[in-house]
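One structure is given below, encoded as structure tokens.
Number of protein chains: 2
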Amino acid sequence: MVMTIFEQRQRWLQDEMRKRGWSGFLVTHNVDIYYYCGSMQTGYLFIPTEGEAIYLVRRSLVRAEEEAAAAVEALGSWKTLGERLRARMGSADAAAAERLRVATELDVLPVQLYMKLQTALPGAVWEDGSLLVREQRMIKSPDEVTAIRAAARVVDDALEAVIPHIREGMAEFELMALIEHQLRLRGHQGLMRMRAYNSELITGMVASGASAAVPTYFDGPAGGTGLHPSSPQSSGRALIQRGEPLLVDIGCTIDGYLIDQTRTLVIGDLDPELQRAYDVAEEVLRATEARLQPGTIAEHLYLLALDQVQEAGLSAHFMGYGADQVKFLGHGIGLEIDELPVLAKGFKYPLAPGMVIAIEPKFTFPGRGVVGVEDTYLITEDGYEKLTVSRDGIRRL
Amino acid sequence: MVMTIFEQRQRWLQDEMRKRGWSGFLVTHNVDIYYYCGSMQTGYLFIPTEGEAIYLVRRSLVRAEEEAAAAVEALGSWKTLGERLRARMGSADAAAAERLRVATELDVLPVQLYMKLQTALPGAVWEDGSLLVREQRMIKSPDEVTAIRAAARVVDDALEAVIPHIREGMAEFELMALIEHQLRLRGHQGLMRMRAYNSELITGMVASGASAAVPTYFDGPAGGTGLHPSSPQSSGRALIQRGEPLLVDIGCTIDGYLIDQTRTLVIGDLDPELQRAYDVAEEVLRATEARLQPGTIAEHLYLLALDQVQEAGLSAHFMGYGADQVKFLGHGIGLEIDELPVLAKGFKYPLAPGMVIAIEPKFTFPGRGVVGVEDTYLITEDGYEKLTVSRDGIRRL
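So, in structure tokens, the structure goes:
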């Protein structure tokens, strides 16, 4: 019998758990549950280090049974949960439970739920398995790349469909509404998932001139006023003007997988200083591409870009301005937009085949705008393949 | 000097903390931070039981200073965080910190971050303040109701704008794309926030016939196939057919606040059994309205509806079917869609002026569809005011 990709992922995780002396992994996060079993119903996926995974589902059981690469059982009462998990770990008696080391995703699990789990398995030691999951998810399978490729085509088709409708005086949010409509018609699932606490993303951001350079809470180089202090990033009410950079940093989700890309558009021409900064962004991207191959250390790409930007005299403008600069050049992308590896200081991962990374050199000019570019790449055995299919260069309208 | 609504909320919270012997509240969740200070930047809002709130911001400081009804400081190093919080609680020395009781929102706070906070304030006892915040947020101020009213108008305008475009053979997701476009053009912020772990909502759901009756993980009465197992709810690829109920359960977010409404549409006519169930849904809504006034206990409205539905012989179909039924009749709504009070067993809150509640009797017929209605109500001094403005009744196309 051929193992599904989901079962292969469970096996990989089991091997890693064995090395660590863990007894099992209680997967609680919707995205991770999907990653390991192909279903995203409400419940928990329990992967014991030895033996078969079990998917404990509150609802919908029927759908879980149709979808999941795991045995499905009703979640049932919390009172029985601990006993059932122990049985799966070969520790039927409560005393043996005190030797259990059970992993879960502490980066996303809310404390209330964690406390309930601790009560369900008294004496067990809980391990933080989130980094392990994120490291496993860093290397994409061919199926995952296929979905990302499909997303890349969708975002390009949507962009091409809206470009003829862009005109002076159109509000940013009107353009974003058009883009989202085109994306949704092509199968975009409606939001781009993020893992970080309090992070929200729908379809990226479209912002024109000064408003793109307004800093935000969002951990990205481009800002945007947003529509209101309760939604303080991305497109706002500013009107698109001639000669301003129009930053279109968008993505979509197809079959669970994201693409992320940025193009700089302009009605007419950019002023020479912004045009030059844009050209430097492209040069940074080309220099990064030249090192995009297995073995290159993630943080080196960021440090290299910093050097290049400094030589160009643009350090103050790189990836945001002043105190609001973000400290990375790119990020892994897959089921979520904030995946590993990050191209930033401290990330020592050597690039490896199957990584998918969005690389986004950008320059911010307060009061004037943001220029830059972002493409998404697959690392291959001997280099890279660009997954983004939108045409290169500034788009003059 | 007149206090802003945000400062009034801080004072209320301080009074409650004083009663509980708490020393302060570290607000970490973006929605709660907005509720207490009018800004939603990345950082923490600390409200000591005595004295002024301080908003510790990572980014953007500039925007926090423009927006927040609180003193703003750079978050700075984690190493200094504990000391700064202690100083605000009048416990400058570390020994006194052991008597501190600090609340935060344990229903949403991820464990990793909680552990960092525990390290920052060694010895302090952490209290779960999430219920208190949710109870405070249950009673809306006039400003909040104004935003919800605006959202109610937007969702009605968008619905009216798309109705002429609905036709046989249109895919559910195409109709949803149209609705979202119309909502976004009118200022919808792009998603409807939910508090519960792993819950996602964009603009609600549109589903036709059998596909609306497909159960989902989502904690609501209507299902939907969604586009893929990685996005397993709401609109899918089913085509709208004549004579099927077309469930349009949508909402939007204006100035941070949500509306939620459902209308049943049909091209042609419903079959008599579904039409009768729809009529019962309206009767349940009318009977609920008759008791919608201060003092009515939230759960009574649900129990009453159960009785009424049983008399009509429709218990098996109410709020989902069989094992996939959800156990409520309605829910509070405001900055998030899953607010208090819930009209469900165990919720003993007496209705009170300022509560805003979406009430949604629905009946599910597997293989055939879902019929029902949902309106959002403000509880007033002497009864209620319906905030939903869309016209009543089944909409025949």
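Note that the protein sequences, when read in sequence, are chains A and B.
As numbered in the working numbering, residues 1 to 397 make up the first sequence, in order.
As numbered in the working numbering, residues 398 to 794 make up the second sequence, in order.
The C-beta atom is built at its ideal place from N, Cα and C for all residues, glycine as well.
- Among the bridge pairs identified by DSSP, A/D375 is matched with A/I359.
- Residue-level contact by beta carbon fails for B/Q707 and chain A, as no gap is shorter than 8 Å.
- Straight-line measurement puts the Cα of B/T693 at about 10 Å from the Cα of B/A687.
- In this structure, A/R101 places its C-beta atom within 8 Å of the C-beta atom of A/W22.
- Contact with chain B is absent for A/Y36, since none of that chain's Cβ atoms lies less than 8 Å from the residue's Cβ.
- Secondary structure at A/F218: coil, using DSSP grouped into helix, strand and coil.
- Taking the C-beta atoms as reference points, A/L265 is found no nearer than 8 Å to A/G243.
- Nearest to A/D107 by C-alpha distance, out of A/L132, A/Y35 and A/T203, is A/L132.
- Three or more pairs of CB atoms, one per stretch, sit closer than 8 Å, so the region 75–90 of chain A contacts the region 53–61 of chain A.
- With three or more CB-CB distances shorter than 8 Å, the region 428–439 of chain B counts as touching the region 220–237 of chain A.
- Residue-level contact check: A/F318 does not touch chain B, since none of the beta carbons of chain B fall below 8 Å from its beta carbon.
- Spanning the alpha carbons of B/Q509 and B/T613 requires a straight line of approximately 30 Å.
- Judged by DSSP in its simplified three-state form, B/L732 adopts coil rather than helix or strand.
- Neighbours of A/L185 in chain B, taken as residues whose beta carbon is under 7 Å from its own, are E571 and A574 in chain order.
- The contact set of B/E464 on chain A, defined by CB atoms closer than 8 Å, consists of P229 and P232 in chain order.
- For A/R59, the enclosing beta strand (DSSP E) begins and ends at I54 to R59.
- Judged by DSSP secondary structure, A/I47 falls within the beta strand (DSSP E) whose first and last residues are T42 to P48.
- With a threshold of 8 Å between beta carbons, B/G653 makes contact with chain A.
- In this structure, B/M602 lies near B/G621, with their beta-carbon atoms less than 8 Å apart.
- The beta carbons of A/A158 and A/L191 sit about 15 Å from each other, so the pair does not count as a contact at 8 Å.
- With fewer than three CB-CB distances shorter than 8 Å, the region 146–157 of chain A does not count as touching the region 538–555 of chain B.
- Within the region 38–63 of chain A, those residues whose Cβ lies closer than 9 Å to any Cβ of chain B are, in chain order, G38, S39, M40, Q41, T42, G43, V57, R58, R59, S60, L61, V62 and R63.
- Contact between the region 766–773 of chain B and the region 558–578 of chain B is absent: fewer than three C-beta pairs spanning the two stretches fall below 8 Å.
- Apart from the 5 residues on each side of it in sequence, B/D616 sits with its Cβ closer than 8 Å to the Cβ of A593, S596, V723 and D735 in its chain, given in chain order.
- Listed in chain order, the non-local C-beta contacts of A/V154 below 8 Å within the same chain comprise L183, R186, G187, H188, C252, I254 and I259, local neighbours out to five positions each way being set aside.
- Per DSSP, A/D249 is one residue of the beta strand (DSSP E) stretching across L246 to I254.
- Going by C-alpha positions, B/I444 is about 5 Å away from B/F422.
- Neighbourhood of A/E200 in chain B, by CB distance below 9 Å: N427, G587, L588 and R590, in chain order.
- Judged by their CB atoms, A/R63 and A/R263 are not nearer to each other than the 8 Å cut-off.
- Each of A/V125, A/I139 and A/D128 was checked against the Cα of A/W12, and the nearest Cα belongs to A/I139.
- Proximity of A/L85 to chain B, defined by a Cβ-Cβ separation below 8 Å, is not satisfied.
- In this structure, the alpha-carbon of A/L75 lies about 35 Å from that of B/Y431.
- According to DSSP, residue pairing for A/W126 in a beta bridge involves A/V102.
- Assigned with DSSP and collapsed to three states, B/G766 falls in strand.
- Remark: C-beta atoms of B/I776 and B/A755 do not approach each other more closely than 8 Å.
- The alpha-carbon separation between B/Y774 and B/R683 amounts to approximately 12 Å.
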